[in-house]
Ligand SMILES: Cc1cc2nc3c(=O)[nH]c(=O)nc-3n(C[C@H](O)[C@H](O)[C@H](O)COP(=O)(O)OP(=O)(O)OC[C@H]3O[C@@H](n4cnc5c(N)ncnc54)[C@H](O)[C@@H]3O)c2cc1C
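Residue numbers (my numbering): 490 to 778.
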């Protein structure tokens, strides 16, 4: 399996890359780690005339603390996230979900921005971004704009990015206070995409009541989604509320659950509810500890 012929460009600066994208219009794509794009091209599920490799643009790499957030440059490798010790305390969901992404070979090439721009509904980083209400910065020759994660994912492998735009960085808010975080997912084999998964961030007040929470679901819709009904039901309640009930509520009413030979929609819903319960229990225990 070989891709159809394409022209390859490796700009040294963002401006140069943006100018190339603007020139080529629909017949160009950004290449980051290539871990999703290259298989698609190689299997000829997609063809593209021009690949703009953004891997040599220094300003797109790095992990920086900016006020009450951590900003990750779009081409920062998953492996870098894994090795950045501070993220374990500043953005625990990011740190804890990274080892669940494929295998280390994938994480050594795949990028944070590439995963979010690819927008697989079962991928970890899009779900972290949505769960934590991350802000995505994108750039084009027309200028820069910020997109809240809640407005970024449009559908399966589809985002709010225009063809001439590059995702440049992602800002993950840092939660302060008595917080707990957990990621739970189920995959048939280690390293596979999850059949279903859940991420929970929770904060409790001095009376051990939930005063902030976010529940993200993976693999249960065409995009990563938030379980808003379950979040609202939990707010103000004791953090020891019934985790199984949170799980059931989180998946209630989901109508676009994918199904295939790995598991039909009903199975994924049951798994999803269970993952939410487990993640809720773990996150609240951490917050109360
Ligand atoms: C065997 C295997 C197992 C995997 N398992 C998992 C898993 O369990 N969980 C998981 O989350 N992922 C998994 N992945 C996917 C992996 O995480 C990819 O690295 C990731 O989805 C894409 O990142 P990338 O940097 O390689 O992007 P690329 O493959 O280079 O690009 C992907 C898409 O995003 C676009 N793009 C990339 N960067 C930008 C940008 N900055 N701005 C605009 N558009 C951009 C590209 O044009 C392309 O359309 C797996 C991949 C493989 C091959």
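We treat Cβ as the ideally placed atom computed from N, Cα and C, and that holds for glycine. If you're wondering where the values come from, they're calculated on a predicted model, not measured in any experiment.
Beta-carbon proximity check, residue 704 vs residue 685, cutoff 9 Å: Against a cut-off of 9 Å, the Cβ pair of residue 685 and residue 704 comes out as no contact.
Residue 506 and residue 655 closer than 9 Å at C-beta: yes
Segment limits, alpha helix (DSSP H) that includes residue 754: 754-777
Endpoints, the alpha helix (DSSP H) within which residue 733 is located: Note, residue 733: alpha helix (DSSP H), 732-740.
Residue 579 - DSSP class collapsed to helix/strand/coil: It is helical.
Any non-hydrogen atom of ligand 1 within 8 Å of residue 519 CB: yes
Which residues DSSP lists as bridging residue 779, in chain order: Here the chain comprises residues numbered 490 to 778, so residue 779 is not present and cannot be evaluated.
Residue 712 Cβ short of 8 Å to ligand 1 heavy atom set: no
Proximity of residue 628 and residue 777 at Cβ, strictly below 9 Å: no
Length of the line joining the Cα atoms of residue 666 and residue 495: 51 Å
Nearest neighbour of residue 668, chosen from 553, 554 and 771 [CA to CA]: 771
contact_flag[the region 612-619, the region 534-543] where n(CB pairs < 8 Å) is 3 or more: no
Strand pairing of residue 658, partner residues [DSSP]: Per DSSP, 562 and 626.
CA-to-CA distance, residue 543 to residue 701, given in whole angstroms: 37 Å
Closest by C-alpha distance to residue 657, when choosing among 499, 563 and 722: 563
Simplified DSSP assignment, three categories, for residue 439: Summary: the structure shown does not reach residue 439, with the chain confined to residues 490 through 778, and so no result is reported for it.
Chain-order list of residues whose beta-carbon lies under 8 Å from that of residue 652 (same chain, five-residue window excluded): 510, 514, 515 and 517
CB of residue 664 within 9 Å of CB of residue 692, strictly: Contact flag set, yes.
Segment limits, beta strand (DSSP E) that includes residue 636: Note, residue 636: beta strand (DSSP E), 632-637.
Cβ-heavy atom distance, residue 751 to ligand 2, below 8 Å: Annotation note on ligand 2: not contained in the displayed structure, which lists ligand 1 as its ligands.
Assigned exposure category for residue 753 - 16 Cβ within 10 Å defines buried: exposed
Simplified DSSP state of residue 502, which is helix, strand or coil: coil
As assigned by DSSP and simplified to three states, the class of residue 744: coil
Residue burial classification, residue 532 (beta-carbon count within 10 angstroms, cutoff 16): exposed
CB-CB length for residue 719 against residue 739, believed under 8 Å: 4 Å
8 Å contact criterion, which residue 625 and residue 659 should meet: CB distance rounded: 5 Å
Cβ neighbours of residue 585 in the same chain (closer than 6 Å, five flanking residues each side left out): 672
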